[in-house]
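All remarks here apply to the structure that follows.
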Amino acid sequence: MQFDIASLFFLITAAILVGSALLVVTMRRIVHSALFLAVVFAAAAGIYILLNAEFIAVVQVLIYAGAVSILVLFAIMLTQASNTPRSNPVNKTWWLAALICVMLGAAIIFPLTTSPKAVTSSNAGVAAVGTSAGRTASPAASNASSNNVARIGQLLYSPIEYSYVLPFEIASLVLLVAIIGAIVISREDL
Amino acid sequence: MGVQSAWLIPVFPLAAFVLIVFIWRPLDLRDRRKAGLAPVAVPAGHETAGAHEIQAHGGPVVVVTEEHEGEGHGGHGAHASNTRFGWASSITAVVAMLASFVWALAVFFQFLSNATLLRNGYQVFTWNWLSLHINGPASSPGSAYAIGFHLDALTAVMLLVVTFVSLLVFFYSQGYMEGDPGYPRFFAWLSLFALSMLLLVLADNFLLLYISWELVGLCSYLLIGYWYERNDPPPAALKAFITTRFGDFGFLIGILVLFAATGTFSFAALPSAVTQMNQNLLTVAMILVFCGAVGKSAQFPLHVWLPDAMEGPTPVSALIHAATMVAAGVYLVARTFLLFRAADPAAFMVVAYIGGFTAFFAATIALVQNDIKRVLAYSTISQLGYMFVGLGVADTQGPGIFHLFTHAFFKALLFLGSGSVIHAMHAARNPEERTQDMRQMGGLASRMKITATCFLMATLSISGFPGFAGFFSKDDIIGQAFDHGQYILYGLTLATAGLTAFYMFRLWFMTFGGRGGRLFGFWGGEYRGVGDPPESSWLITLPLVLLAIPSVFVGYWAWNGRFATFLQGGVQQVFVNPFSIGLTYAGIGIAFVGIGLAWAMYGAGWRWDLAFTRTPVGAFLYRILLNKYYMDELYLWIVRKGVLGLAYAAEAFDRYVIDGLVNGTASAIVTLGADFRRIETGRLQSYAIAIFGGAALLSAAVFIFVQAVK
Amino acid sequence: MSVLSLNSFLVLGAILFCIGLYGALAKRNAISVLMGIEIMLNAVNITLIAFSFFNRTPFAVNLTGQIFAIFIITVAAAEAAVALAMIIAIYRRRVTVDVTEINMMKW
Numbered sequence: 024m025q026f027d028i029a030s031l032f033f034l035i036t037a038a039i040l041v042g043s044a045l046l047v048v049t050m051r052r053i054v055h056s057a058l059f060l061a062v063v064f065a066a067a068a069g070i071y072i073l074l075n076a077e078f079i080a081v082v083q084v085l086i087y088a089g090a091v092s093i094l095v096l097f098a099i100m101l102t103q104a105s106n107t108p109r110s111n112p113v114n115k116t117w118w119l120a121a122l123i124c125v126m127l128g129a130a131i132i133f134p135l136t137t138s139p140k141a142v143t144s145s146n147a148g149v150a151a152v153g154t155s156a157g158r159t160a161s162p163a164a165s166n167a168s169s170n171n172v173a174r175i176g177q178l179l180y181s182p183i184e185y186s187y188v189l190p191f192e193i194a195s196l197v198l199l200v201a202i203i204g205a206i207v208i209s210r211e212d213l
Numbered sequence: 004m005g006v007q008s009a010w011l012i013p014v015f016p017l018a019a020f021v022l023i024v025f026i027w028r029p030l031d032l033r034d035r036r037k038a039g040l041a042p043v044a045v046p047a048g049h050e051t052a053g054a055h056e057i058q059a060h061g062g063p064v065v066v067v068t069e070e071h072e073g074e075g076h077g078g079h080g081a082h083a084s085n086t087r088f089g090w091a092s093s094i095t096a097v098v099a100m101l102a103s104f105v106w107a108l109a110v111f112f113q114f115l116s117n118a119t120l121l122r123n124g125y126q127v128f129t130w131n132w133l134s135l136h137i138n139g140p141a142s143s144p145g146s147a148y149a150i151g152f153h154l155d156a157l158t159a160v161m162l163l164v165v166t167f168v169s170l171l172v173f174f175y176s177q178g179y180m181e182g183d184p185g186y187p188r189f190f191a192w193l194s195l196f197a198l199s200m201l202l203l204v205l206a207d208n209f210l211l212l213y214i215s216w217e218l219v220g221l222c223s224y225l226l227i228g229y230w231y232e233r234n235d236p237p238p239a240a241l242k243a244f245i246t247t248r249f250g251d252f253g254f255l256i257g258i259l260v261l262f263a264a265t266g267t268f269s270f271a272a273l274p275s276a277v278t279q280m281n282q283n284l285l286t287v288a289m290i291l292v293f294c295g296a297v298g299k300s301a302q303f304p305l306h307v308w309l310p311d312a313m314e315g316p317t318p319v320s321a322l323i324h325a326a327t328m329v330a331a332g333v334y335l336v337a338r339t340f341l342l343f344r345a346a347d348p349a350a351f352m353v354v355a356y357i358g359g360f361t362a363f364f365a366a367t368i369a370l371v372q373n374d375i376k377r378v379l380a381y382s383t384i385s386q387l388g389y390m391f392v393g394l395g396v397a398d399t400q401g402p403g404i405f406h407l408f409t410h411a412f413f414k415a416l417l418f419l420g421s422g423s424v425i426h427a428m429h430a431a432r433n434p435e436e437r438t439q440d441m442r443q444m445g446g447l448a449s450r451m452k453i454t455a456t457c458f459l460m461a462t463l464s465i466s467g468f469p470g471f472a473g474f475f476s477k478d479d480i481i482g483q484a485f486d487h488g489q490y491i492l493y494g495l496t497l498a499t500a501g502l503t504a505f506y507m508f509r510l511w512f513m514t515f516g517g518r519g520g521r522l523f524g525f526w527g528g529e530y531r532g533v534g535d536p537p538e539s540s541w542l543i544t545l546p547l548v549l550l551a552i553p554s555v556f557v558g559y560w561a562w563n564g565r566f567a568t569f570l571q572g573g574v575q576q577v578f579v580n581p582f583s584i585g586l587t588y589a590g591i592g593i594a595f596v597g598i599g600l601a602w603a604m605y606g607a608g609w610r611w612d613l614a615f616t617r618t619p620v621g622a623f624l625y626r627i628l629l630n631k632y633y634m635d636e637l638y639l640w641i642v643r644k645g646v647l648g649l650a651y652a653a654e655a656f657d658r659y660v661i662d663g664l665v666n667g668t669a670s671a672i673v674t675l676g677a678d679f680r681r682i683e684t685g686r687l688q689s690y691a692i693a694i695f696g697g698a699a700l701l702s703a704a705v706f707i708f709v710q711a712v713k
Numbered sequence: 061m062s063v064l065s066l067n068s069f070l071v072l073g074a075i076l077f078c079i080g081l082y083g084a085l086a087k088r089n090a091i092s093v094l095m096g097i098e099i100m101l102n103a104v105n106i107t108l109i110a111f112s113f114f115n116r117t118p119f120a121v122n123l124t125g126q127i128f129a130i131f132i133i134t135v136a137a138a139e140a141a142v143a144l145a146m147i148i149a150i151y152r153r154r155v156t157v158d159v160t161e162i163n164m165m166k167w
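Chains as they are written, first to last, in the numbering used here: chain A, 24 to 213; chain B, 4 to 713; chain C, 61 to 167.
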């Protein structure tokens with residue numbers, strides 16, 4: 024195992040991530056859960072940076088850690104599920120949920136790591152991944168600059184090259200609908 | 004006249020029956036209604052609609068006295084006179100029976116004279132009722148269900164007995180039942196009985212035999228319950244029918260077993276067919292067939308109905324329960340004698356031992372009974388046992404059937420004689436009191452001379468007094484038992500002979516003799532009853548005389564083996580003069596001992612038994628015998644505990660198991676449904692847990708079991 | 061074998077997903093359930109971006125995973141908004157955010 028700085032960074036960030044996630048789901052006070060959720064989002068952003076996805080990392084922090092966490096805190100405030108000692112209890116069948124999650128996790132991880140047919144195993148190889156990458160990579164990607172943001176911008180907006188502009192427009196429509204829906208649902212006189 | 008037209012023999016009583024039922028009786032009922040008489044005898048003490056009607060219409064007032072005199076246990080109808088259609092009914096019946104008797108006589112004489120006929124028998128007619136192809140050793144298309152009449156020596160003898168006794172009883176009933184409101188009904192049932200008995204005797208196959216067997220049982224029921232308005236006869240009739248039904252059940256199964264094994268019902272074809280069937284199966288089938296005889300001929304353990312059947316009018320007792328119907332069982336065994344012979348000797352032993360045991364058993368009960376008809380009833384059971392011993396032990400049907408032959412005469416005479424006595428007692432006294440209790444009689448010989456003389460002839464005959472008919476037949480059977488090495492049966496029959504002599508003469512002395520009579524209390528004596536019993540009219544005494552003659556003399560037909568030879572179709576049978584064997588004198592001796600003891604006790608008055616019955620042992624024995632060994636109570640207990648217990652168990656099974664299953668299934672489903680609907684909790688997390696739980700399980704299962712993924 | 065292989069990121073994603081699932085299934089507070097869902101979505105994002113990162117040659121990169129992740133973030137935000145609006149609406153009506161008490165569609 025190579026232990027370079029990237030691996031160390033990864034391990035620390037992953038530890039923070041998993042730890043915070045565990046604390047989110049186990050805290051008895053909901054405000055604590057919400058705060059640890061913000062930490063989760065931040066740690067995830069750190070992982071993205073490791074993965075050369077700087078734009079996504081920033082977007083993550085902006086939206087998730089910035090807006091969604093605040094939204095959650097607002098909701099907590101509005102529903103007066105305040106910081107009482109037992110504002111975030113577990114329900115009766117929590118042990119069953121834990122069991123299921125463990126099983127599901129094992130079902131994913133175990134084949135992933137041991138099965139010879141998994142995509143990450145030495146048989147399948149990164150080479151296959153690489154060749155398919157050659158085909159599916161956009162033409163624009165091959166000669167574009169190495170700037171992540173620029174490349175993402177290209178992929179999202181470009182009118183002449185292959186781009187995801189239609190899903191982008193639809194996503195904005197989804198946001199619009201969500202805004203209107205949220206307003207309507209939470210109206211007082213509904 | 005003759006064997007070709009022998010089919011007419013049952014037709015005469017059939018015609019009488021039809022005539023009475025459809026013409027005389029309706030007319031009689033119409034007459035009675037017009038005269039304001041009740042159609043049946045009403046128990047005294049009740050205000051009847053008839054009485055009201057009389058007072059309203061101002062019609063004849065005869066009915067009131069008639070109804071009062073209809074009461075009286077064991078007594079008979081009133082002393083009023085018959086209606087004209089009543090006379091019409093009785094005359095029709097008597098004439099029909101006379102015609103049958105004449106025809107039977109003709110047949111008999113033809114058999115006597117024609118040796119070929121005697122040897123081969125004669126098939127009067129055959130009718131193919133159903134033509135089905137049955138598979139069996141004796142089958143041919145249509146042979147299984149062919150009905151017909153067959154005449155042979157046994158049939159000829161039986162025809163003679165049945166028609167003769169029936170004729171005399173019919174004649175006797177005219178006088179005995181005179182004035183009874185149901186007079187036409189009585190003769191209708193009597194004719195029906197005669198018809199069925201003749202059919203039974205003439206039948207050539209099991210089908211017709213069984214049908215007439217049941218018909219005879221029906222007539223017995225109808226006649227025992229003739230006075231149905233009283234309390235006692237209906238249950239007695241029901242008891243008779245149901246008890247014989249038990250026997251008939253076994254009988255039917257026996258017939259069906261034989262049919263299943265051989266494919267035929269016919270008596271002609273069966274003897275050869277049964278040699279091809281499994282002998283053990285044949286033995287079982289014959290024992291089952293014998294069950295029918297046990298029921299009909301009132302052997303142990305199905306004997307309980309016969310004493311109660313004495314609730315019927317005395318002519319009925321004489322005809323059915325002494326001479327003919329109860330002899331049907333004996334006739335059955337004789338008719339199927341060849342089948343019994345082909346079976347294991349155990350079948351004959353069953354017959355003989357049941358007969359022997361019953362003979363002794365019934366004789367012990369008869370020792371202490373006080374009702375005159377009950378003594379005769381037990382005597383009948385005992386003598387029937389003798390007949391079965393005779394059939395079971397001997398090589399041919401000869402001894403058994405001869406005893407049946409002689410027994411019919413003297414037993415009918417005994418019953419008719421007792422009827423005469425009862426009639427006289429009834430005339431002499433207040434009808435409210437029992438008129439059949441021998442303790443209220445005594446010394447009647449000097450008052451009712453003809454009745455007494457005839458009765459004495461019969462009593463001597465049944466006791467086996469040397470020279471009379473009963474002596475020859477009884478002694479033959481006792482001798483046969485000894486000759487064939489059946490010493491137990493020999494002992495039983497010998498002891499029973501002594502007991503029979505004793506209790507019959509006890510009856511004689513208590514009724515006709517007594518203290519103060521001539522010859523040390525033999526003839527006449529003190530009368531312990533009330534009033535002055537008169538001699539009965541000639542209508543009653545003539546049949547007595549006519550029966551007394553054969554009771555004495557018919558035994559001589561057995562001399563030189565003539566009867567036995569006749570019965571075997573002309574094959575000469577060995578005859579041993581009874582007076583030459585020492586064994587006979589044992590029988591004679593024991594009969595004399597019985598007679599002498601009875602004379603001493605009941606004639607001369609040496610009543611040592613009165614002191615004996617006061618001792619503990621004596622009282623115990625007396626009580627057991629008087630209560631018929633408590634057999635009725637035993638059966639009632641069995642029914643209560645056994646049958647009803649089984650019924651309750653079955654009902655509980657039905658209620659708890661079957662209904663439980665059904666209802667339980669329903670409630671289980673309802674409960675299951677109620678439990679299952681709680682899965683729909685309405686909470687999303689439960690559903691989510693279900694989804695993901697299923698996914699986790701599935702993926703684990705896939706990874707473990709599916710090779711492709713590994 | 062490097063720690064920074066695709067395997068580690070996928071395993072990380074899987075673990076996070078399961079933790080988020082536990083939060084969604086086992087917590088009684090509705091907002092907590094939402095938080096669990098957000099964690100799950102983040103796990104998916106990590107997985108996608110990991111695929112995107114490791115699916116490349118020295119000359120070309122494939123950014124499909126990242127685009128997908130952007131859209132997921134978008135939709136997740138919208139969904140969080142709507143979900144919280146619903147929670148507030150329910151709270152107004154029944155003064156509870158306990159999911160075990162919101163069970164009117166039951167037997």
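Idealized CB from N, CA, C, for every residue including glycine.
List, in order along the chain, the chain C residues whose C-beta lies closer than 7 Å to that of A:S110?
What A:S110 touches in chain C: N89.
Taking CB distances under 9 Å as the criterion, tell me whether A:T116 reaches chain B.
yes
Please report the distance separating the alpha-carbon of A:I183 from that of A:N170.
Roughly 19 Å separates the two Cα atoms.
Can you pull out the residues from the segment 75-105 of chain C whose beta carbon lies closer than 9 Å to at least one beta carbon of chain B?
L81, A84, L85, A86, K87, R88 and V93
Quick one: what's got a C-beta closer than 7 Å to B:W560's C-beta in the same chain, skipping five residues either side?
F566
Quick one, which residues of the segment 673-698 of chain B are near chain A if we go by CB-CB under 8 Å, in chain order?
Q688, S689, I692, F695, G696 and A698
Relative to the C-alpha of B:A411, which residue among B:F515, B:S320 and B:I591 is closest?
B:S320
May I have a chain-ordered list of the alpha helix (DSSP H) segments no shorter than 4 residues that lie completely inside the segment 361-437 of chain B?
The qualifying runs are 375-396 and 401-431.
Could you give the first and the last residue of the continuous beta strand (DSSP E) run that contains C:N67?
Taken as a continuous stretch (DSSP letters only), C:N67 belongs to no beta strand (DSSP E), being part of the alpha helix (DSSP H) at L66 to A86.
For A:F97, count neighbouring Cβ atoms within 10 angstroms of its own Cβ and tell me buried if that reaches 16, exposed if not.
exposed
Would you say B:A653 faces chain A, with C-beta separation under 9 Å as the test?
no
Between B:T554 and B:L133, what straight-line distance do the alpha-carbon atoms span, to the nearest angstrom?
At residue 554 of chain B the sequence reads Ser, which differs from the Thr that was named. Spanning the alpha carbons of B:S554 and B:L133 requires a straight line of approximately 44 Å.
Can you tell me whether B:P348 is buried or exposed, with buried defined as 16 or more other CB within 10 angstroms of its CB?
exposed
Of all the beta strand (DSSP E) runs that stay within the bounds of the segment 492-550 of chain B, which reach a length of 3 or more residues?
none
Cβ of A:N146 less than 9 Å from any chain C Cβ?
Interpretation of A:N146 is limited by its pLDDT of 47, a score under 50 that renders its predicted location unreliable; the figure taken from the coordinates is listed afterwards. By this cut-off, A:N146 is not an interface position.
Taking any Cβ of chain A, which residues in the segment 144-157 of chain C have a Cβ under 8 Å from it, in chain order?
L144, A145, M146, I147, I148, A149, Y151, R152 and V157
Check the Cβ-Cβ distances between A:S209 and every residue of chain C, and say whether any is below 9 Å.
yes
Using the Cβ count rule (16 or more neighbours within 10 Å means buried), how would you classify B:T119?
exposed
Classify A:T159: buried if its beta carbon has 16 or more other beta carbons within 10 angstroms, exposed otherwise.
Low confidence applies here, because A:T159 scores a pLDDT of 44, under 50, leaving its location unreliable; read the following figure in that light. Using a 10 angstroms sphere on the CB of A:T159, the tally of other CB atoms stays under 16, which defines it as exposed.
So if DSSP puts B:A206 in a beta bridge, which residue, or which two residues, is it bridged to?
B:F152
Please name the residue, chosen from B:V709, B:P316, B:S84 and B:S702, that lies closest to A:C124 on a Cα-to-Cα basis.
B:S702
Are the CB atoms of B:A699 and A:M126 nearer to each other than 9 Å?
Closer than 9 Å, so yes.
Is there at least one Cβ from chain C nearer than 9 Å to A:V48's Cβ?
yes
Of all Cβ atoms in chain A, is any one closer than 9 Å to the Cβ of B:S702?
yes
Any chance the segment 183-203 of chain B sits against the segment 293-310 of chain B, with 3 or more Cβ pairs inside 8 Å?
no
Using a C-beta to C-beta distance shorter than 7 Å, which residues of chain B count as neighbours of C:V159?
R686, L687 and Q688
Hey, does A:I39 have any beta-carbon neighbour from chain C nearer than 9 Å?
no
For B:F708, is the classification buried or exposed, using 16 other Cβ atoms within 10 angstroms of its Cβ as the cut-off for buried?
Its Cβ having fewer than 16 others within 10 Å, B:F708 is exposed.
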